[in-house]
Each structure stands twice: as structure tokens, then as C-alpha cells.
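Be aware that the sequence shown starts at 451, since it is given in my numbering, and climbs by one per residue. Ideal placement from N, C-alpha and C gives every residue a C-beta, glycine not left out. Beneath this line is the structure, given in C-alpha cells, with notes to follow.
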Amino acid sequence: MKKYKKIIILTVISLSVYFIYLVTNKNNITYISLGDSLSIGQNAYGGNSYGYTGYFSDYLRKGHNLNITTTYFNSKNKDIPTLYNDILKNESILIDNNNYNLKRLLQEADIITISIGLNDIIYEYSLKNKNELSKYEEDRIISYIEDNFNSLIQEIKKYTTKKIIVVGYPTNNVKYKNLIQKLNTKYKKICQGTDDIFIDSDKLLNNEKYFELKKNLFPNDQGYKKIAENIIKSYENTKK
């Protein structure tokens, strides 16, 4: 009788521990933000504002009472080939005095957002050494970036089954406007094919109030909040 009683007690304890683990684990969210200046939250003057990553993290933390760990793997000069090679080389990042490899971060991430491709446009445009490009030249540039982006997304998907949230670029800049519009169109189509999420920042921020300076690529705080709000809506839809 004592033996059975002991077994019952151990079973109850085990189930209680497992239940506590499930509840605790459910409230822990890991979010990784990948990309370039837009993902960091660069403002019109070259500094950093809070950015959509910060506003989205705050929503998860406050709106859902979640314990969220946000990892930034981005830099102002990051382009697609660099990020792709970072994943291949399994680069590490220091978090709370501990080194974590990028592949592990992608595997453990519950949410992944990415903004990348702008630096690729700027660089490819500069190689032409002219003020205006022909349609053929623009299409060649976009086709090249599209191929690289496809490879990047496929590489990321080796380590996650989560939907990737791809944040497009606003076109508040005459010089790169056509290229950015074409890139956004390609990104949207790619996301439809891979069942990922595309955030159309250009459509969202089609108003001067979202920018501090005319013809500047980067939105103000109000603009970044607007992007974050759309990310939130898309994230909530994935949970339905």
C-alpha cells in the first residue's frame, strides 16, 4: 500500500512540475530582429530612434504579459550577402555575457523580423556611376538582389518553421524610389510563395507626417510605430 502511495505522490509531483514548465515556457518569447538601418530604427539624422523592433517588443511584453528576449543581429551597413554569410559561418553574438551562435538563435526564435536590401540597392546604384538608370538597368539590379534574397530566406528556413516577417521599405526618396518600389513588389511575391509575411511600409507611410525630412529614406518615431502596429496585426493573425 505504501509503495502505491509513494508512486501516486511521485506522479502528482511530476505532473505538477511539468505543468509549471508548460506555463512558464508559454510565457517566454524569443524574438530576433535581422537586417540593416531600418530594423535598427535609424532616423533622418543618422542616429537611432526606438524603431519598430522596440515598439513590437514592448507590445509583446506589456500587451500579452510575456517574458520576451529580443536579440538584435543587425547593423547599418548590413546587406544580403553579408547576412547570408553570417548564417553560413554561424556567427556568434554576445548576450548577457554568453555567446550564442546565429543558427541556434534562429532555431529557438518564436518570432523573426527582417529588413534588408536597401544597402544592396545603394551599392549597386553607385556602381553605375550615373544620376538616372534605365529600366533595363533597374531590372537587372532588382533581379540580382531578388536572387540573393531568395537564397537568404531559404537559408533561414533551414533553422526555423516560423513565419518570417519581412519589412519592406518606404519610398520617401526620389533617387531610389523606382528601385525600392520594385524590390518591395518582389519581396511581397516571395513572401506569398514561401507563406511568410510582408509588411508594406511604403503603403503604410504614404504621408509626409511620418518623416522628419523630405526625400529621406527613414521614418520618424510615428512612422516606426505605424510599422510596428502592422507587424502586431500580422502577428496576431498568425495566432488565430
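Which runs of the beta strand (DSSP E) spanning at least 3 residues fall entirely within the stretch 502-531, listed in chain order?
Fully enclosed beta strand (DSSP E) runs of 3 or longer: 517-524.
In this structure, does DSSP put Thr621 in helix, strand or coil?
Stepping through the sequence shown from its first residue, residue 621 is reached at position 171. Three-state result, Thr621: coil.
Determine the burial state of Gln492: buried for a count of at least 16 other Cβ atoms within 10 Å of its Cβ, exposed for fewer.
On the sequence shown, residue 492 is found 42 positions in, with the first residue counted as 1. When all chains shown are included, Gln492 counts as buried.
Going by DSSP, which residues form a beta bridge with Leu484?
As a first step, residue 484 is located in the sequence shown; it is residue number 34 there, counting from the start. Paired residue(s): Phe523, Ile564.
Assumed close pair Ile681, Tyr502 - CB separation to whole angstroms, cut-off 8 Å
Position 231 of the sequence shown, counted from the first residue, corresponds to residue 681. Position 52 of the sequence shown, counted from the first residue, corresponds to residue 502. Sure, about 6 Å apart at Cβ, within 8 Å.
Within its chain, find whatever has a CB closer than 6 Å to the CB of Gln631; leave out the 5 residues flanking it on each side and keep chain order.
Translated into the one-based positions of the sequence shown, residue 631 becomes position 181. So the list reads Thr621, once near-sequence residues are dropped.
Label Ile561 either buried or exposed according to how many other C-beta atoms from any shown protein chain fall within 10 Å of its C-beta, with 16 as the threshold for buried.
Along the sequence shown, one-based indexing puts residue 561 at 111. With 16 or more neighbouring CB atoms inside 10 Å of its own CB, Ile561 falls in the buried class.
State the start and end residues of the unbroken beta strand (DSSP E) segment that holds Asn549.
Looking up residue 549 in the sequence shown gives position 99. For Asn549, the enclosing beta strand (DSSP E) covers residues 548-551.
My guess is that Ile518 and Ser507 are in contact by the Cβ rule of under 8 Å, so how many angstroms apart are they, rounded?
Taking the first residue of the sequence shown as 1, we reach residue 518 at position 68. Taking the first residue of the sequence shown as 1, we reach residue 507 at position 57. Contact between Ile518 and Ser507 holds: their C-beta atoms lie close to 6 Å from each other, under 8 Å.
Take Ser684 as the anchor and find which of Glu662, Cys641, Glu658, Ser601 has the nearest alpha-carbon.
Indexing the sequence shown from 1 puts residue 684 at position 234. If we check each option's Cα against that of Ser684, Cys641 comes out closest.
Ile545 - partner residues in DSSP beta bridges
Residue 545 sits at position 95 when you count from the first residue of the sequence shown. According to the DSSP secondary-structure assignment, Ile545 is paired through a beta bridge with Asn548.
Please state if the CB of Asn569 and the CB of Asp529 are separated by a distance shorter than 8 Å.
On the sequence shown, position 79 is the one that residue 529 refers to. On the sequence shown, position 119 is the one that residue 569 refers to. Yes, the pair counts as a contact, with Cβ atoms nearer than the cut-off.
Buried or exposed: where does Lys636 fall if 16 or more other Cβ atoms within 10 Å of its Cβ makes it buried?
In the sequence shown, the residue the question calls residue 636 occupies position 186. Residue environment: Lys636 is assigned as buried (16 or more neighbouring CB atoms within 10 Å of its CB, all protein chains considered).
Separation of Leu538 from Tyr594, as counted between CA atoms
Within the sequence shown, numbered from 1, the residue matching residue 594 stands at position 144. Within the sequence shown, numbered from 1, the residue matching residue 538 stands at position 88. So the two alpha carbons sit approximately 20 Å from each other.
How many Å lie between Ile677 and Asn581 at the Cα?
Position 227 of the sequence shown holds residue 677. Position 131 of the sequence shown holds residue 581. Near 30 Å, if we compare the C-alpha coordinates of Asn581 and Ile677.
Can you check which of these residues, Ile572, Ile564, Leu667, is closest to Asp646 by C-alpha distance?
Start at 1 with the first residue of the sequence shown, and residue 646 comes out as number 196. Residue Ile564 is the option with its Cα nearest to Asp646.
Roughly how many angstroms lie between the CA atoms of Asn477 and Tyr550, to the nearest whole one?
Numbered from 1 along the sequence shown, position 27 holds the residue referred to as residue 477. Numbered from 1 along the sequence shown, position 100 holds the residue referred to as residue 550. Computed Cα separation, rounded: 21 Å.
Output the distance between the C-alpha atoms of Glu658 and Lys664, rounded to the nearest integer angstrom.
In the sequence shown, the residue the question calls residue 658 occupies position 208. In the sequence shown, the residue the question calls residue 664 occupies position 214. Our two residues, Glu658 and Lys664, have alpha carbons roughly 8 Å apart in a direct line.
List the residues that DSSP assigns as beta-bridge partners of Asn680.
Within the sequence shown, the letter at position 230 stands for residue 680. Looking at the DSSP assignment, Asn680 forms no beta bridge with any residue, so it has no partner.
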